[in-house]
Each structure stands twice: as structure tokens, then as C-alpha cells.
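Asker: Mapping of the sequence shown onto UniProt numbering: position 41 corresponds to residue 41, and the numbering continues sequentially without gaps.
We put the CB at the ideal spot given by N, CA and C, even for glycine.
Note that the coordinates shown come from a computational prediction; the quantities given were computed from them, not determined experimentally.
Before anything else, here's the structure in question.
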Amino acid sequence: EIDDIKTEFHPHSGKPVVVETFEAFSFNSLLDPAQVPADFEPWKPFRTRFDYEVSEFALRANLNKEMTGDLIDLLHKAANHSDQFTIQSSTEMQKLWDLASVKYPAFEKKKISVSHQGLEGDFDVSFRPLWDWVVDIATNPRLCSELEWDARKYSKFDGQQWKYFIDEPWTAKAWWHIQSELPADGKPFLIILYADKSKLSSFGTQKGYPVIARCANLPSHIRNGVGIGGGRVVGWLPIVRDFEFFMRYLIC
Numbered sequence: 001e002i003d004d005i006k007t008e009f010h011p012h013s014g015k016p017v018v019v020e021t022f023e024a025f026s027f028n029s030l031l032d033p034a035q036v037p038a039d040f041e042p043w044k045p046f047r048t049r050f051d052y053e054v055s056e057f058a059l060r061a062n063l064n065k066e067m068t069g070d071l072i073d074l075l076h077k078a079a080n081h082s083d084q085f086t087i088q089s090s091t092e093m094q095k096l097w098d099l100a101s102v103k104y105p106a107f108e109k110k111k112i113s114v115s116h117q118g119l120e121g122d123f124d125v126s127f128r129p130l131w132d133w134v135v136d137i138a139t140n141p142r143l144c145s146e147l148e149w150d151a152r153k154y155s156k157f158d159g160q161q162w163k164y165f166i167d168e169p170w171t172a173k174a175w176w177h178i179q180s181e182l183p184a185d186g187k188p189f190l191i192i193l194y195a196d197k198s199k200l201s202s203f204g205t206q207k208g209y210p211v212i213a214r215c216a217n218l219p220s221h222i223r224n225g226v227g228i229g230g231g232r233v234v235g236w237l238p239i240v241r242d243f244e245f246f247m248r249y250l251i252c
């Protein structure tokens, strides 16, 4: 029938081809997605979100212990705010960061060499290892039913031939090709990695764009959300405002 939809699953999946009407395909697509519980308190082990935001500011500003203590004293003098700030000392703040680092790996710093017209410059780049995040996603019991591991191809019948189209990442040809290179019992875990240039931020004494990782195996309403299974900042793309000056300095 015209407008019928054919779904071909990758041979490694062992699933048969499915042909259904456009109405049936659209109905299945419009069903309410399973509700993945949102992590409404991602700032823990800090007691409040405001505690976390202030602690993050102290970390990004590279404040020493004395300056952090002064900041805490000033905040406690503030009369009107919409949240509670409960940290009493920089020592307590550090302990909370230590607890948080158990849950999320700390950022690492590495020098990256960049070549330009035969000259090289070294730049500090901050990043966080991806492996722990990958394991968290792949083993999370609240996400296991949402993860897609097998490639599939969608095509629509126009009355003469089947026309291929793409929906989610696992319907792209690249996913199919990648899975074909794996052993029959192997499954791909694909990561969408990009720098968000709409959110300029500070880290330490530098400014940069956050590098976001998202799991392509999760449907769009989850991977693009803010709760469990959403994106995570895994690095910072530094802004090198003085790069041209740096290159001229080397030439001189």
C-alpha cells in the first residue's frame, strides 16, 4: 500500500522485517514515551542547589581558602535570597567536593599542541573521562528499557518503490555500518559530542565553551532532556583570544 512503512532490523539483531501502515507507524511513534524519572536534585551531595552554585563559583574563580571563607561570610550576611546557603566553612565545602568527586570524575588538565603554519602553540584543555559516564548510562536500571542497541532502516512506499528515511540516530546508515563491523554479539554505544557555543563559561582563570556528551542510543526526549540520561559536561573548549598575538610573537 502507498505510504506503508517498512522497518528492517540489522541482521545481528535476529529480528524480522516489519511492514505496517503509516497510521499504525505514526500511532506507535506518538505514544507517550516511558517517563524516565528526572534527577531533580543533581547538585547532591551539596544540601541545596544554591550551596552547589556558590561552591562551583569558588572553584571556577580559583579562590584560595581565605578568599572562600570571605565569600561564605558575605553570603551569610545577605538578607534576601530565594534559596538557603548552609555551608559553614571552606573545609566543609571541600569535603562536599570530595564526596561529589566519588560520584562524578574530576576534570583533568592536559596541554594540547596546535600547529599553525609550521609553528606550534601549547594550550591547557580541561576534560573529564567518558568511561564512567558510559558505564552509568549502560547499567542504569531506569534507562535499560530505553536504550536502542540495534541499527534499523526505515523506508516508505511511494507506490513504486521504497524510499529510505532517517528518524533517530540508530536509523542512519553509519550506525548500520558500524554494527556490521562488530562481532554478532557486539553492540555499539555511540556518543554525540559537541561544544555549546551559546553558553560561554569560566573555568579557573580561563573562559571557554562547555563540551557536552549525549548518548545516541537513547531517544531524543531523554538524551536532550535535563534529567537522567541527559547530556553531561565532559570538557571545556578554551577561547584563545591572543592566538594571533601569540603567533606574531613566535615569528618575531
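Within 10 angstroms of the Cβ of S55, are there 16 or more other Cβ atoms? Answer buried if so, exposed if not.
Answerer: Indexing the sequence shown from 1 puts residue 55 at position 55. So S55 ends up on the buried side.
Asker: Is DSSP giving D4 helix, strand or coil here?
Answerer: Stepping through the sequence shown from its first residue, residue 4 is reached at position 4. Note: D4 maps to coil in three-state DSSP.
Asker: What does the alpha-carbon distance come out to for the pair T68 and I228?
Answerer: Locating residue 68 in the sequence shown gives position 68, where the first residue counts as 1. Locating residue 228 in the sequence shown gives position 228, where the first residue counts as 1. Roughly 31 angstroms between the two C-alpha positions.
Asker: Which term fits K207, buried or exposed, when burial requires 16 or more other beta carbons within 10 angstroms of its beta carbon?
Answerer: Along the sequence shown, read from residue 1 onward, the residue named residue 207 stands at position 207. The residue is exposed, with fewer than 16 neighbouring Cβ atoms inside 10 Å.
Asker: For my contact list, F157 and D4 are in at a C-beta cut-off of 8 angstroms; report their separation, rounded to the angstrom.
Answerer: Taking the sequence shown and counting its residues from 1, one reaches residue 157 at position 157. Taking the sequence shown and counting its residues from 1, one reaches residue 4 at position 4. Indeed, because the Cβ distance is near 5 angstroms, the residues count as touching under 8 angstroms.
Asker: Mind the definition here: the region 122-133 touches the region 143-150 only if three or more C-beta pairs lie below 8 angstroms; say whether that holds.
Answerer: Short answer: they don't touch.
Asker: Taking the alpha carbon of K197 as the reference point, which residue from K65, I212 and V17 has its own alpha carbon closest?
Answerer: By 1-based counting over the sequence shown, the position of residue 197 is 197. K197 has its Cα closest to that of I212, out of K65, I212 and V17.
Asker: Tell me where the beta strand (DSSP E) around T237 begins and ends.
Answerer: Numbered from 1 along the sequence shown, position 237 holds the residue referred to as residue 237. Here residue 237 is Leu; the residue named in the question, Thr, does not match the sequence. Where L237 is concerned, the enclosing beta strand (DSSP E) stretches over R232 to P238.
Asker: Let me make sure I understand the geometry here. Which of F25, G231, K111 and G14 has the alpha-carbon closest to that of D167?
Answerer: Indexing the sequence shown from 1 puts residue 167 at position 167. Minimum Cα distance to D167 is reached at F25.
Asker: Would the beta-carbon of L147 fall within 8 angstroms of that of L193?
Answerer: As a first step, residue 147 must be located in the sequence shown, where it is residue number 147. As a first step, residue 193 must be located in the sequence shown, where it is residue number 193. No. Outside cutoff.
Asker: Count the CB pairs spanning the region 45-63 and the region 174-194 that are closer than 8 angstroms, and state whether there are at least three.
Answerer: Too few Cβ pairs lie closer than 8 angstroms, so no.
Asker: Just how far apart, CA to CA, sit H116 and N224?
Answerer: Along the sequence shown, read from residue 1 onward, the residue named residue 116 stands at position 116. Along the sequence shown, read from residue 1 onward, the residue named residue 224 stands at position 224. In a straight line, the C-alpha of H116 is about 36 angstroms away from that of N224.
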